[in-house]
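The numbers in the sequence shown follow the working numbering, run straight up by one, and end at 370.
From the three backbone atoms N, C-alpha and C, an ideal C-beta is built for every residue, glycine too.
Here's the structure we're looking at; comments come further down.
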Amino acid sequence: MEDDSAPQNDLPKPHPSILKVIEQKKRIKEKLSGIRHKIGVYSAKGGVGKTTTAVNIAYTLKSMGYKVGLLDADVDCPNVTMFLGMKDTITGDYPLTPIEKDGIKILSTAMFVDDLKRPIIWRGPMIGKMIAEFFENTDWGELDYLIIDISPGTSDAPLSIIQLLDLDGFVLVTTPQRISAVNTMRSGGMARRLSASILGVVENMSDGSGNGGREVAEALGCKFLGSVKADSRFNELSDKGIVPAVEDEDIKKQYVEIVNRIVGG
Ligand SMILES: Nc1ncnc2c1ncn2[C@@H]1O[C@H](COP(=O)(O)OP(=O)(O)OP(=O)(O)O)[C@@H](O)[C@H]1O
Ligand SMILES: [Mg+2]
106 MEDDSAPQND LPKPHPSILK VIEQKKRIKE KLSGIRHKIG VYSAKGGVGK TTTAVNIAYT
166 LKSMGYKVGL LDADVDCPNV TMFLGMKDTI TGDYPLTPIE KDGIKILSTA MFVDDLKRPI
226 IWRGPMIGKM IAEFFENTDW GELDYLIIDI SPGTSDAPLS IIQLLDLDGF VLVTTPQRIS
286 AVNTMRSGGM ARRLSASILG VVENMSDGSG NGGREVAEAL GCKFLGSVKA DSRFNELSDK
346 GIVPAVEDED IKKQYVEIVN RIVGG
């Protein structure tokens, strides 16, 4: 019979590429050690309001006195800077320093592109590499919350973020519509399979037409964080680079409820 207690020195050595990934994860962990909470805002479905939710949650957290960072990790269509009316560019020399606006540290792939209308075309391996480099080389300093706006879909970009970061978890965004809810359940399923936790679900653009947010929360067995009403002021204000939760008391109240549930755990 084999002796289980014998030292297992003859175990095969992990492949160098696996060791490289482990080392990289260690470096990223160290680099982000000043950040108390990292929260991804995500949905497999496009256009449901992920960026809107990420930006408004970040500003609401800031208004509550927290130190906040906002990372636009949507590598295909980085929109955070447009939502904030920012035209800043950075050179891309390491280390990267986020640009501060309204007391929030902001970093976006859009800051590396001089023409926002030009498409950014990434191949799979480049996406993972770029996201890893972003995390490894950015000086965020001390933060209470880093909010990360994640690309839609269930492919390379969200996958890399889930695998590279020790996230507290995801805030999933859906609209009331059944189609959106089903796709958001898919995002939740992917997060779960990769052992990432789900902090809860936000129903955005609520208009009484459906119950998508609660359906997703029930299906995934997680918290329903609250809803944000469909409101034409979102388009008007965002196009001007004004944050709705800062400008409008009624909208702010809706985000405060959501953020209280996130912060409350
Ligand atoms: N509650 C709301 N009421 C009305 N319009 C909204 C609301 N939330 C967001 N919008 C608008 O919906 C559009 C899509 O929002 P947003 O860009 O945040 O979605 P997204 O999920 O990040 O999209 P993408 O998948 O392209 O990244 C924007 O024009 C935004 O102003
Ligand atoms: Mg977006």
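Asked, Found
"Among 125, 344, 172 and 208, which residue has its Cα nearest to the Cα of residue 143?", "172"
"In angstroms with no decimal places, state the Cα-to-Cα distance between residue 296 and residue 205.", "30 Å"
"When the Cα of residue 334 is compared with those of 348, 351, 123 and 360, which residue comes out closest?", "360"
"Using the rule of at least 16 other Cβ atoms within 10 Å of the residue's Cβ for burial, across every protein chain shown, is residue 320 buried or exposed?", "buried"
"Tell me whether residue 358 is buried or exposed, calling it buried when 16 or more other Cβ atoms sit within 10 Å of its Cβ.", "exposed"
"Rounded to whole angstroms, what is the Cα-Cα separation between residue 162 and residue 118?", "44 Å"
"Does ligand 1 have a heavy atom nearer than 7 Å to the CB of residue 178?", "no"
"For the stretch 185-200 against the stretch 260-275, are there 3 or more C-beta pairs whose distance is under 8 Å?", "no"
"Do residue 236 and residue 213 have their beta-carbon atoms positioned less than 8 Å apart in this structure?", "no"
"In chain order, what are the residue ranges of uninterrupted alpha helix (DSSP H) at least 4 long that sit wholly in the stretch 156-240?", "185-188"
"So the candidates are 291, 364 and 174; which of them puts its Cα closest to the Cα of residue 254?", "174"
"Using three-state DSSP, classify residue 243 as helix, strand or coil.", "strand"
"Buried or exposed, going by whether 16 or more other CB atoms sit within 10 Å of the CB of residue 323?", "exposed"
"Between the Cα of residue 181 and those of 298, 151, 313 and 287, spot the shortest distance and give me the residue it belongs to.", "151"
"Residue 167: which of 252, 292 and 313 sits nearest, CA to CA?", "252"
"Could you check which residue in 362, 368, 367 and 346 has the C-alpha nearest to that of residue 157?", "346"
"Determine the burial state of residue 155: buried for a count of at least 16 other Cβ atoms within 10 Å of its Cβ, exposed for fewer.", "buried"
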